[in-house]
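Participant:
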Amino acid sequence: MKTFWLLYKSEAKLSMREMSSVIFGIFVPVGIICLMAFMDPDNHSLNTNFVAVSTVGICSAGVMGLPLALSSYRERKILKRYQVTPISPAQLLFAHLLFCFTISIVSMLLILGVLITFFQFSYVGHWGQFISAYLLVMVSIHAIGLIVASLSPSEKATGAINSAIFFRCFFFQEQPFHMKSCQPVYRKLPMSCH
Amino acid sequence: MSKQAAIQVHGLSKTFGEKRVIDDLSFTVEKGTIFGLLGHNGAGKSTTIDCILGTQKCDSARISLLGRDPKAERKRLFQYVGVQFQESAFQNQLKVREICEITHSLYENPLNWKQALHEFGLASKLNSFLGTLSGGEKQKLCILLAIMGNPQIIFLDELTTGLDPQARREVWRYLLALKDKGVTIFLTSHYMDEVETLCDRILVLNKGKEVASGTVADILAKVNKRNLEEAFLTLVGEEV
Numbered sequence: 032m033k034t035f036w037l038l039y040k041s042e043a044k045l046s047m048r049e050m051s052s053v054i055f056g057i058f059v060p061v062g063i064i065c066l067m068a069f070m071d072p073d074n075h076s077l078n079t080n081f082v083a084v085s086t087v088g089i090c091s092a093g094v095m096g097l098p099l100a101l102s103s104y105r106e107r108k109i110l111k112r113y114q115v116t117p118i119s120p121a122q123l124l125f126a127h128l129l130f131c132f133t134i135s136i137v138s139m140l141l142i143l144g145v146l147i148t149f150f151q152f153s154y155v156g157h158w159g160q161f162i163s164a165y166l167l168v169m170v171s172i173h174a175i176g177l178i179v180a181s182l183s184p185s186e187k188a189t190g191a192i193n194s195a196i197f198f199r200c201f202f203f204q205e206q207p208f209h210m211k212s213c214q215p216v217y218r219k220l221p222m223s224c225h
Numbered sequence: 101m102s103k104q105a106a107i108q109v110h111g112l113s114k115t116f117g118e119k120r121v122i123d124d125l126s127f128t129v130e131k132g133t134i135f136g137l138l139g140h141n142g143a144g145k146s147t148t149i150d151c152i153l154g155t156q157k158c159d160s161a162r163i164s165l166l167g168r169d170p171k172a173e174r175k176r177l178f179q180y181v182g183v184q185f186q187e188s189a190f191q192n193q194l195k196v197r198e199i200c201e202i203t204h205s206l207y208e209n210p211l212n213w214k215q216a217l218h219e220f221g222l223a224s225k226l227n228s229f230l231g232t233l234s235g236g237e238k239q240k241l242c243i244l245l246a247i248m249g250n251p252q253i254i255f256l257d258e259l260t261t262g263l264d265p266q267a268r269r270e271v272w273r274y275l276l277a278l279k280d281k282g283v284t285i286f287l288t289s290h291y292m293d294e295v296e297t298l299c300d301r302i303l304v305l306n307k308g309k310e311v312a313s314g315t316v317a318d319i320l321a322k323v324n325k326r327n328l329e330e331a332f333l334t335l336v337g338e339e340v
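Protein sequence lines, in the order shown, are assigned to chains A and B.
Position in the first sequence (first residue = 1) + 31 = this note's numbering.
Position in the second sequence (first residue = 1) + 100 = this note's numbering.
1. Measuring only between beta-carbons, confirm whether B:Ser-205 sits less than 7 Å from chain A.
2. Please state whether the Cβ-Cβ distance between B:Leu-414 and B:Val-316 is less than 7 Å.
3. Using a beta-carbon distance below 7 Å, is B:Ala-189 in contact with chain A?
4. For A:Ala-83, which of A:Phe-161, A:Glu-186, A:Val-170 has the nearest alpha-carbon?
5. Can you tell which of B:Leu-211, B:Leu-230, B:Leu-165, B:Thr-334 has its C-alpha closest to the C-alpha of B:Lys-195?
6. CA-CA distance, A:Ala-191 and A:Ile-118?
7. Between B:Glu-258 and chain A, is there a C-beta pair that is closer than 7 Å?
8. If the cut is a Cβ gap below 8 Å, which residues of chain B does A:Ile-118 touch?
9. Can you list, in chain order, the residues of its chain whose CB lies under 7 Å from that of A:Leu-38, leaving out five sequence neighbours each side?
10. Helix, strand or coil: which one does DSSP assign to A:Gln-151?
11. Mapping DSSP to helix, strand and coil, what is B:Val-316?
12. Against chain B, does A:Ile-54 count as a neighbour if the rule is that its beta carbon must be under 7 Å from one of theirs?
13. Under 7 Å, Cβ to Cβ, is there at least one residue of chain A near B:Leu-166?
14. Is there at least one Cβ from chain A nearer than 7 Å to B:His-202's Cβ?
15. Following the continuous beta strand (DSSP E) through B:Gln-108, name the residue where it begins and the one where it ends.
16. Taking the alpha helix (DSSP H) that A:Phe-81 belongs to, which residues open and close that run?
17. Tell me whether A:Ser-102 is buried or exposed, calling it buried when 16 or more other Cβ atoms sit within 10 Å of its Cβ.
18. Check each candidate in A:Ala-195, A:Lys-187, A:Ser-153, A:Gly-159 and name the one with the smallest Cα separation from A:Pro-72.
19. For the ligand HEM, is there any heavy atom lying closer than 6 Å to the beta carbon of B:Gly-167?
20. Please report how far the alpha carbon of B:Leu-233 lies from the alpha carbon of B:Gly-249, in whole angstroms.
21. Would a C-beta distance cut-off of 7 Å place B:Glu-208 and B:Gln-184 closer than the cut-off?
22. With DSSP as the reference, label B:Gly-282 as helix, strand or coil.
23. Nearest by alpha-carbon distance to A:Val-59: which of A:Ile-178, A:Ser-171, A:Ala-100, A:Ile-89 is it?
24. Can you give the Cα-Cα distance for A:Gly-159 and A:Ile-147, rounded to whole angstroms?
25. Within 7 Å (strictly less), CB to CB, does A:Val-137 reach chain B?
26. Are any of the Cβ atoms in chain C nearer than 7 Å to that of A:Ser-46?
27. Establish whether the CB of B:Ser-102 and some CB of chain A are separated by less than 7 Å.
28. If you run the structure through DSSP and keep just helix, strand and coil, what is B:Ile-254?
29. Taking 6 Å as the limit between beta carbons, can you name the residues of its chain near A:Glu-186, skipping five residues before and five after?
30. Excluding the five sequence neighbours on either side, which residues of its own chain have a C-beta within less than 8 Å of the C-beta of B:Asn-227, listed in chain order?
31. Would you kindly report the start and end of the unbroken alpha helix (DSSP H) that includes A:Glu-106?
32. So what does B:Phe-135 bridge to, in DSSP terms?
33. For B:Arg-168, name the three-state secondary structure that DSSP assigns.
34. Does the beta carbon of A:Ala-43 come closer than 7 Å to any beta carbon on chain B?
35. Relative to the C-alpha of A:Leu-129, which residue among A:Thr-34, A:Glu-42, A:Lys-33, A:Met-32 is closest?
36. With contact counted as at least three CB pairs below 8 Å, one residue from each stretch, are the segment 250–261 of chain B and the segment 279–297 of chain B in contact?
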């Protein structure tokens, strides 16, 4: 357990030092929700946007961060090094996965905190349902990330696949971004869902 | 199995596609000795180490480390086996202290890593990122990590490649001290002076096949040469 905790801490420190997973997983979703709340502060819209932007944090951690880290560990033979120790390389992978879960949850809690503190947000749904749905989405998205990391032949290929999945969700999905002002723009983009 | 055998390999073969990179290799390494595996680049040295440790599947072989099967008893066995691979596989954004703490936590009977850092002259690098270490410092850290669990066997793959002469001699001194403590060392190297100084027995590989094995004196006598470098070149068919 001590080893697992040290691995988890080191994965957290590595991510902090590298910064991209923190920027895309936490700062970007919080920035987006602030922007959207300023443009459309209606509580019904805030509810929709809260749920939608929470998934941006999950996607950043699960589809962008997770597969890239695992691919690079495989390519740089870091997993191989753990194969010749008394622990399994799976512990390192699991520590990283747990850190990605942490990023997702921290991102969602910060979004919620910002909305409640600055935009008088009140959630109209059922918290129990939201939490179960959130956990299901979090596990599913990270499962996609794990599949990408497993099937991708190299770190570069993983980067390309991640971008194809993540940015397609991010830019071309009309459903999460329910700002009336933006809908005419989204309708003109290719691959938008109507 | 002999009680004195630390490593036993029998009938090790490995093919990649059509190419046979190791061909029916057999040898035994006695406890408390230094064994050198020699061969030119691509001769199959690293693959041999991978197959012995179970990080690559071999086509056929009977392998035992300290009398145990490295695949079936991996967790138990690697409490007593330390490994340094040819590639320094680290997350460069980790600090020396962090990688030492993690590696220390893996073993039941670890050494005092702070004291070892002093002995290796790395104490001042405690809070340095791994990516900022020089080649020599990285290699010394690799040895420290490989011996962290007080192992009975250490595998070192081209440990001193890229080191300056002073750093190489420091590493030699440390390896000989480990041997005196009864540790078995399996190494690969391209430096014949290193092999002559350190190794009790050597095995020369050419295209995955054993071409000679024995003590340095045995090898010299076999090909009637005065130094190991000439003997090695003769054995691998690249005599100049």
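Even glycine gets a Cβ: it sits at the ideal position worked out from N, Cα and C.
For clarity, every value in this text was computed on a predicted model and none was experimentally measured.
Facilitator: A quick look at the data gives this:
1. yes
2. With chain B covering only 101 through 340, there is no way to say anything about residue 414 of chain B.
3. Closer than 7 Å to some Cβ of chain A, the Cβ of B:Ala-189 qualifies, so yes.
4. Per the Cα distances, A:Phe-161.
5. B:Leu-230
6. 32 Å
7. no
8. Lys-175, Leu-206
9. Gln-122, Leu-123, Ala-126
10. When DSSP states are grouped into helix, strand and coil, A:Gln-151 belongs to the coil group.
11. helix
12. Using a Cβ-Cβ cut-off of 7 Å, A:Ile-54 does not count as an interface residue toward chain B, since no Cβ of chain B sits closer than that to its own.
13. no
14. Contrary to the premise, residue 202 of chain B reads as Ile rather than His in this sequence. Taking Cβ atoms only, chain A reaches closer than 7 Å to B:Ile-202, which makes this a yes.
15. 105–116
16. Counting along the chain, the alpha helix (DSSP H) containing A:Phe-81 begins and ends at 74–90.
17. A residue is called buried once 16 or more other Cβ atoms fall within 10 Å of its Cβ, and A:Ser-102 is buried on that count.
18. A:Ser-153
19. Absence of the ligand HEM from the depicted structure is noted, as is the absence of any ligand whatsoever, leaving it without description.
20. 23 Å
21. no
22. coil
23. A:Ile-89
24. 18 Å
25. no
26. Note that chain C does not occur in the displayed structure, where the protein chains are A and B.
27. Reliability of the predicted coordinates at B:Ser-102 is poor, the pLDDT of 48 falling under 50, and the value obtained from them is presented with this limitation in mind. Chain A, which has no Cβ nearer than 7 Å to the Cβ of B:Ser-102, makes this no.
28. strand
29. Once the five neighbours on either side are set aside, the close Cβ partners of A:Glu-186 are Ser-102, Ser-103, Glu-106.
30. The residues are Lys-195, Val-196, Arg-197.
31. 97–106
32. B:Phe-286, B:Arg-301
33. strand
34. no
35. A:Glu-42
36. yes
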